[in-house]
Amino acid sequence: MAKPTRLLLSPWEASFEQAMPQRWDPESYAEHARFVSELGEPVADVLDPKPGERILDLGCGDGALTERFRNAGCLVVAIDSSPEQVWAARKRGLDARIIDARDLPFDTEFDAVFSNSVLHWIEDPDQVLASVWRSLRPGGRFVGEFGGAGNVASIRDAFIAALGARQIDVASVDPWYFPTAEQYRSRLEAGGFSVDTIHLFPRPTPLPGDVTHWLQVFAQPFLMAVPDSDRPALIAELRARLEPRIRSADGCWIVDYVRLRFAATRPR
Ligand code: BEZ
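Below you can see the structure in the form of structure tokens.
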């Protein structure tokens, strides 16, 4: 019998997937976006997982970073909205599930919730925080990193110019939530968390290849705003707009990432 190439989805999982504006292909992710989990190592260090701890990885992607927690002796549950990524994470032997981060089905059962490079994709940050808070035991910690204010500004600006010239309202397709440290601290506190640390920092990120790969992996909601026939021209235009801003003299593309890193606790 031929091996299945993706997960069989329940009706709920299928409708959740349909609603997602962005798709992840594990192969192209591994080729063009491996830096996401590699550069997530420092925030995993902040989590400082201990053997035997129960950890929820919120937005596990293909599970590359999640494996590290399992290897440290933790009991890990990994969730993601992408069936393809969940499939890739399961191939690593992880307990990975398709779950909506805004509606986690867990009740005071984790010692920590960890999240790398995902929270900027999810609408309704307050709903996510309420969901994380319910999932943690009192005293449990929520540690994460995602895009903060000013993140990938060069790319957002290029889309504003290129889509604006096509009379497309960029705000209506822009899926990214990049708050300041003050804004996210307020949300964490309003959600009942005690904030241990939170800070914003620039992290210029060299790409392994051409910026057009980045656009195709990470910026689908913007690219899908134009008809298929116009997409190659849009991508070429974006590349030309971005070149003077984020391509170095030696030809390397260096994207202007800005990270927001935080550690918070559900009080006892
Ligand atoms: C980020 O990790 O900061 C990011 C990833 C994809 C799109 C935008 C931002």
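Position one of the sequence shown corresponds to residue -11 (the numbering used here), numbered consecutively onward. Ideal Cβ positions, reconstructed from N, Cα and C, are used throughout, including at glycine.
Would the C-beta of N104 count as close to the ligand MG, meaning under 6 Å from any of its heavy atoms? Looking at this structure, you won't find the ligand MG anywhere; what it does contain is the ligand BEZ.
Check: Can you name, in chain order, every residue of its own chain whose Cβ lies under 7 Å from the Cβ of Y172, other than the five neighbours on each side?
Finding: Position 184 of the sequence shown, counting from 1, holds the residue named residue 172. Result list for Y172: I186, L248 and F250, in chain order.
Check: Among the residues of its own chain, which have a CB less than 7 Å from the CB of A60, if the five just before and after it don't count?
Finding: The count along the sequence shown starts at 1 and reaches residue 60 at position 72. Once the five neighbours on either side are set aside, the close Cβ partners of A60 are P37 and P39.
Checklist entry - Opposite E133 in the DSSP bridges: which residues? => result Position 145 of the sequence shown, counting from 1, holds the residue named residue 133. Beta-bridge pairing links E133 to N104 and R249.
(message) Considering only the alpha carbon of each residue, which of L176, H108 and R58 lies closest to G138?
(response) Within the sequence shown, the letter at position 150 stands for residue 138. When only C-alpha atoms are compared, the closest one is H108.
Query raised in the report: Just reading off the beta strand (DSSP E) that D83 is part of, what are its end residues?
Result: The residue given as residue 83 occupies position 95 in the sequence shown. Looking at the DSSP string, the run of the beta strand (DSSP E) that includes D83 is D83 to I86.
Could you name the residues of the same chain whose beta carbon sits closer than 6 Å to that of T168, not counting the 5 residues immediately before and after it, in chain order?
One-based indexing of the sequence shown puts residue 168 at position 180. Taken in chain order, the residues that qualify are A137.
Who does T285 pair with in a DSSP beta bridge? Since the displayed the chain opens at -11 and closes at 256, residue 285 lies outside it and no answer follows.
* Measuring from the CB of G135, is there a heavy atom of the ligand BEZ at a distance below 6 Å? -> As a working note, residue 135 is residue 147 in the sequence shown. Yes, the Cβ of G135 comes within 6 Å of a heavy atom of the ligand BEZ.
- Item | Check: V140 C-beta below 6 Å from any heavy atom of the ligand BEZ | Against the sequence shown, residue 140 aligns to sequence position 152. The answer is yes for V140.
Please return the same chain residues whose Cβ sits closer than 7 Å to the Cβ of I205, not counting the five positions on each side in sequence. Against the sequence shown, residue 205 aligns to sequence position 217. What sits at residue 205 in the sequence shown is Val, not Ile. Sequence-distant Cβ neighbours of V205 in its own chain, meaning closer than 7 Å and more than five residues away, are S16, Y17, H20 and A21.
| request: If I'm right that A66 touches G51 with Cβ under 8 Å, what's the distance once you round it to whole angstroms? | output: Stepping through the sequence shown from its first residue, residue 66 is reached at position 78. Stepping through the sequence shown from its first residue, residue 51 is reached at position 63. A66 to G51, Cβ: 6 Å. Contact.
How about F147: is its Cβ closer than 6 Å to a heavy atom in the ligand BEZ? Locating residue 147 in the sequence shown gives position 159, counting from the first residue. Result no, Cβ not under 6 Å from the ligand BEZ.
Terminal residues of the beta strand (DSSP E) in which A21 lies: As a working mapping, residue 21 is identified with position 33 in the sequence shown. Looking at the DSSP string, A21 is not in any beta strand (DSSP E), and its letter there is neither H nor E.
- Residue range of the unbroken beta strand (DSSP E) whose run includes F147: Taking the sequence shown and counting its residues from 1, one reaches residue 147 at position 159. It is not in any beta strand (DSSP E) - F147 instead sits in the alpha helix (DSSP H) that spans A141 to G152.
> What whole-angstrom Cβ distance do F98 and R42 have, given they're in contact under 8 Å?
Replying inline: Against the sequence shown, residue 98 aligns to sequence position 110. Against the sequence shown, residue 42 aligns to sequence position 54. At roughly 5 Å, the Cβ-Cβ gap stays under 8 Å, so F98 and R42 are in contact.
Problem - 7 Å Cβ cutoff met for F102 and D45 - result: Mapped onto the sequence shown, residue 102 falls at position 114. Mapped onto the sequence shown, residue 45 falls at position 57. Less than 7 Å divides the Cβ of F102 from the Cβ of D45.
Review point. Can you name, in chain order, every residue of its own chain whose Cβ lies under 7 Å from the Cβ of D112, other than the five neighbours on each side?
Key: Position 124 of the sequence shown holds residue 112. Sequence-distant Cβ neighbours of D112 in its own chain, meaning closer than 7 Å and more than five residues away, are R90.
Closest to V116 by CA distance: which of G239, P93 and P126 is it? Working through the sequence shown from its first residue, we reach residue 116 at position 128. V116 has its Cα closest to that of P93, out of G239, P93 and P126.
Leaving out five residues on either side along the sequence, give the residues of the same chain with a beta carbon under 7 Å from the beta carbon of A141. If you number the sequence shown from 1, residue 141 lands on position 153. Scanning its chain for C-beta atoms nearer than 7 Å, with the 5 sequence neighbours on each side dropped, one finds around A141 the residues D244, in chain order.
- Item | Contact test: F206 Cβ vs the ligand BEZ heavy atom, cutoff 6 Å | Against the sequence shown, residue 206 aligns to sequence position 218. Yes, the Cβ of F206 comes within 6 Å of a heavy atom of the ligand BEZ.
Taking D198 as the reference, which of E133, A228 and A118 has the closest Cα? The residue given as residue 198 occupies position 210 in the sequence shown. Comparing Cα-Cα distances from D198 to each of E133, A228 and A118, the minimum goes to A228.
Which residue wins for smallest C-alpha separation from D184, given the options I86, L82 and P255? Residue numbering aside, residue 184 sits at position 196 when the sequence shown is read from its first letter. D184 has its Cα closest to that of P255, out of I86, L82 and P255.
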